[in-house]
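> Can you read through this structure? Questions will come right after.
There are 2 protein chains.
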Amino acid sequence: MDPFIQLVIEAWRIFRMPKETKVPLPTLERLATYFRYLSELASSDVETISSAHIEEATGIRAAQFRKDLSYFGEFGRPGIGYGVRDLLRRIARILKVEKEQPVILIGAGNLGSALVGYSGLRKYNFNIVAVFDSNPNKIGYKLWDRDIYDIERLKEINESLGVKIAVVTVPAANAQNVVDRLVESGIKVILNFAPTTLKVPEGVMVRHVCFIQELTVLSFFLDSDEV
Amino acid sequence: MDPFIQLVIEAWRIFRMPKETKVPLPTLERLATYFRYLSELASSDVETISSAHIEEATGIRAAQFRKDLSYFGEFGRPGIGYGVRDLLRRIARILKVEKEQPVILIGAGNLGSALVGYSGLRKYNFNIVAVFDSNPNKIGYKLWDRDIYDIERLKEINESLGVKIAVVTVPAANAQNVVDRLVESGIKVILNFAPTTLKVPEGVMVRHVCFIQELTVLSFFLDSDEV
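In the order they appear, the protein sequences are chains U and H.
Take the position in the first sequence, starting the count at 1, then add 1; the result is the number in the numbering used here.
Take the position in the second sequence, starting the count at 1, then add 1; the result is the number in the numbering used here.
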């Protein structure tokens with residue numbers, strides 16, 4: 002089959018993927034990019050921005066930017082551009098990050114520790130409220146200033162916390178078991194750092210942070226004549 | 002414009018993106034997924050595998066898997082399937098991870114520390130050989146068992162190391178400056194964890210690990226009726 006046709010089919014499949022919403026997943030991903038970039042601008046007290054500037058800074062075409070926003074109503078003014086703070090606030094509302102989102106973290110290892118200690122999460126309104134682990138040498142202690150609880154108590158504790166977002170930083174071999182427990186405990190979206198494939202029931206979303214895979218892809222480009 | 006047509010154009014753009022190589026970037030990304038999954042199978046002493054099993058485990062369609070391999074010659078045998086170790090070895094050769102790849106890491110903070118201490122990197126043949134930072138309280142000390150050097154010495158030290166891969170775990174505000182130094186020092190591919198956009202000259206590749214953006218995308222799906 003012609004590779005372009007193949008890709009059109011693939012694209013169509015991806016496009017139809019988030020059945021849960023009318024907004025295509027690639028649009029959401031780009032909104033998250035705009036959100037991050039606008040946050041930087043707001044910190045630097047930039048007041049207005051043009052779609053051309055967005056293209057220059059993010060690599061996402063100006064026309065694509067305008068189209069992505071068009072899903073959500075009217076934005077910006079011709080000849081003036083977009084108010085940075087207004088746009089930031091509206092995108093935050095769309096992405097539901099305008100108010101603090103509590104998060105639980107499973108796996109109090111090095112990566113888990115780095116994430117709990119990472120100020121960027123708070124900056125984007127994610128707050129790790131509790132940490133779980135299965136290691137008796139960690140349970141009852143703290144990771145930074147967060148309590149480490151026994152993973153066995155996950156369901157019980159989350160009954161009172163009511164958290165919907167979890168971050169998984171356990172070894173690959175334990176990840177599916179942890180994810181099953183998370184689903185049982187009412188978690189709806191999972192950010193997974195374990196380098197393994199995970200199964201979740203319908204209604205639960207997983208996204209993977211695969212830095213090993215990213216490195217592997219990069220590695221391909223080494224030593225080839227073209228790089 | 003019809004969103005499907007829009008997406009076809011986008012897909013075509015992505016498809017044409019890696020001009021440096023005849024292999025489309027999405028194929029490389031899937032190869033990295035097969036590689037990771039086959040590594041798991043090899044550790045569990047699984048000897049053969051079918052494309053249907055690949056689909057079941059990775060969510061990538063069997064036909065896509067066969068097509069991806071077809072770029073690189075003949076693989077597998079009808080009715081028998083694919084030898085796990087043979088396939089793993091051949092994909093490792095394609096992705097250039099069959100022999101150890103030295104890596105330098107910039108930013109000896111919490112995330113950098115987690116990465117240096119992460120056994121998964123070694124498992125996939127990436128070896129962080131040196132760490133750089135600008136903090137005088139860190140320079141001259143060690144991160145795990147790796148020396149932390151002054152970022153000012155990057156070019157000089159990499160002249161003898163000859164490393165081509167760098168991992169960036171510095172704050173967003175410092176990332177572009179660090180990347181400029183990396184490019185000057187002969188680095189060809191960069192894995193960036195800083196939540197910011199980076200500019201590199203032609204011939205240098207950057208990939209971003211954007212866990213904040215991943216969380217932001219996930220957040221959208223919360224509290225909507227459909228999840």
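Glycine included, every Cβ here is placed at the ideal spot set by N, Cα and C.
None of these values were measured; they are calculated from a predicted model.
So which residues of chain U does glycine 121 (chain H) contact, with C-beta pairs closer than 7 angstroms?
Pro196 and Ile213, listed in chain order.
> Using the beta-carbon count (16 or more within 10 Å), is arginine 37 (chain U) buried or exposed?
It counts as buried.
> Quick one, which of H:Ser114, H:Glu160, H:Ala173 and H:Arg90 has its alpha-carbon nearest serine 40 (chain U)'s?
It is H:Ala173.
> When we look at the beta-carbon of tyrosine 35 (chain H) and count the other beta-carbons within 10 Å, is it buried (16 or more) or exposed?
The residue is buried, with at least 16 neighbouring Cβ atoms inside 10 Å.
> By how many angstroms is the C-alpha of serine 71 (chain U) removed from the C-alpha of valine 180 (chain H)?
About 34 angstroms.
> According to DSSP, which residues form a beta bridge with glycine 60 (chain H)?
DSSP output for glycine 60 (chain H) lists no bridge partner at all.
> To the nearest angstrom, how far is the alpha carbon of aspartate 69 (chain U) from that of threonine 198 (chain U)?
Near 30 angstroms, if we compare the C-alpha coordinates of threonine 198 (chain U) and aspartate 69 (chain U).
> If contact means a Cβ-Cβ distance below 9 angstroms, which residues of the stretch 95–108 of chain U contact chain H?
Listed by position along the chain: Ile95, Leu96, Lys97, Val98, Gln102 and Val104.
> Please decide whether asparagine 178 (chain U) counts as near chain H, where near means a Cβ-Cβ distance under 9 angstroms.
No - not a single Cβ of chain H is within 9 angstroms of the one on asparagine 178 (chain U).
> Hey, does asparagine 136 (chain H) have any beta-carbon neighbour from chain U nearer than 9 angstroms?
For asparagine 136 (chain H), the answer is no, since every Cβ of chain U falls outside 9 angstroms of its Cβ.
> My guess is that leucine 192 (chain H) and arginine 208 (chain H) are in contact by the Cβ rule of under 8 angstroms, so how many angstroms apart are they, rounded?
Contact flag correct, Cβ pair sits at about 6 angstroms.
> Taking the alpha-carbon positions, what's the glutamate 11 (chain H) to leucine 32 (chain U) distance?
Low confidence applies to glutamate 11 (chain H): its pLDDT is 49, below 50, so where it sits in the model is not reliable, and the reading given next is rough at best. So the alpha carbons of these two residues sit roughly 16 angstroms apart.
> Checking 9 angstroms against the spacing of the C-beta atoms, do leucine 155 (chain H) and phenylalanine 133 (chain H) come in under that value?
It is a contact, given that the beta carbons lie within the stated cut-off.
> Between the Cα of alanine 131 (chain H) and those of H:Gly121, H:Arg147, H:Gly141 and H:Tyr119, spot the shortest distance and give me the residue it belongs to.
Considering only alpha carbons, the answer is H:Arg147.
> Going by the beta-carbon positions, is the gap between isoleucine 50 (chain H) and valine 85 (chain H) smaller than 9 angstroms?
Yes, the pair counts as a contact, with Cβ atoms nearer than the cut-off.
> Is there a Cβ of chain H sitting closer than 9 angstroms to that of arginine 86 (chain U), yes or no?
No - not a single Cβ of chain H is within 9 angstroms of the one on arginine 86 (chain U).
> Taking C-beta to C-beta, are leucine 106 (chain U) and leucine 144 (chain U) nearer than 9 angstroms?
Yes, they are a contact pair.
> With a cut-off of 9 angstroms, does the C-beta of glutamate 11 (chain U) fall near any C-beta of chain H?
Low local confidence applies: a pLDDT of 49 at glutamate 11 (chain U) is under 50, so the model's placement there is unreliable, and no value is given.
> Nearest to leucine 42 (chain H) by CA position, among H:Pro27, H:Thr59 and H:Val201, is which residue?
Closest option to leucine 42 (chain H), Cα to Cα, is H:Thr59.
> Between the beta-carbon of serine 52 (chain U) and the beta-carbon of glycine 82 (chain U), is there less than 9 angstroms?
Yes.
> Is there a Cβ from chain U that is less than 9 angstroms from the Cβ of phenylalanine 127 (chain H)?
Cβ-Cβ to chain U under 9 angstroms: yes for phenylalanine 127 (chain H).
> Buried or exposed: asparagine 138 (chain U), going by 16 or more other Cβ atoms within 10 Å of its Cβ?
Looking at its Cβ environment, which holds fewer than 16 other Cβ atoms inside 10 Å, asparagine 138 (chain U) is exposed.
> Rounded to a whole number of angstroms, what is the C-alpha to C-alpha distance between glutamate 227 (chain U) and isoleucine 158 (chain U)?
Confidence is the limiting factor: at glutamate 227 (chain U) the pLDDT is only 38, short of 50, which leaves the residue's position unreliable and the question unanswerable from this model.
> Helix or strand or just coil, what does DSSP make of aspartate 46 (chain H)?
Note: aspartate 46 (chain H) maps to coil in three-state DSSP.
> Using a beta-carbon distance cut-off of less than 8 angstroms, what residues from the stretch 35–49 of chain H approach chain U?
Answer set for the stretch 35–49 of chain H: Phe36, Arg37, Tyr38 and Glu41.
> Please confirm whether glycine 77 (chain H) has its beta-carbon closer than 9 angstroms to some beta-carbon of chain U.
For glycine 77 (chain H), the answer is no, since every Cβ of chain U falls outside 9 angstroms of its Cβ.
> Pull up the CB-CB distance for valine 104 (chain U) and valine 164 (chain U), whole angstroms please, since I reckon it's below 8 angstroms.
Their Cβ separation, rounded to whole angstroms, is 7 angstroms, which keeps valine 104 (chain U) and valine 164 (chain U) in contact under 8 angstroms.
> Are valine 98 (chain H) and tyrosine 125 (chain H) closer than 9 angstroms when you measure CB to CB?
Against a cut-off of 9 angstroms, the Cβ pair of tyrosine 125 (chain H) and valine 98 (chain H) comes out as a contact.
> 9 angstroms is my cut-off, CB to CB: does alanine 63 (chain U) come that close to chain H?
No - not a single Cβ of chain H is within 9 angstroms of the one on alanine 63 (chain U).
> Quick check: is the beta carbon of isoleucine 149 (chain H) nearer than 9 angstroms to any beta carbon in chain U?
With 9 angstroms as the cut-off, isoleucine 149 (chain H) does not count as an interface residue toward chain U.
> Please return the same chain residues whose Cβ sits closer than 7 angstroms to the Cβ of valine 171 (chain U), not counting the five positions on each side in sequence.
For valine 171 (chain U), where only same-chain residues beyond five positions count, the Cβ hits under 7 angstroms are Ile107, Gly108, Val179 and Ala195.
> Counting along the chain, where does the beta strand (DSSP E) carrying arginine 208 (chain H) start and finish?
From DSSP, the beta strand (DSSP E) with arginine 208 (chain H) extends over 206–209.
> Does chain U have any CB closer than 9 angstroms to the CB of leucine 192 (chain H)?
Interface residue, yes.
> Check this for me: beta carbons of alanine 115 (chain U) and alanine 167 (chain H), under 9 angstroms apart or not?
Not closer than 9 angstroms, so no.
> At what residues does the alpha helix (DSSP H) containing valine 184 (chain U) begin and finish?
That run of the alpha helix (DSSP H) goes 173–185.
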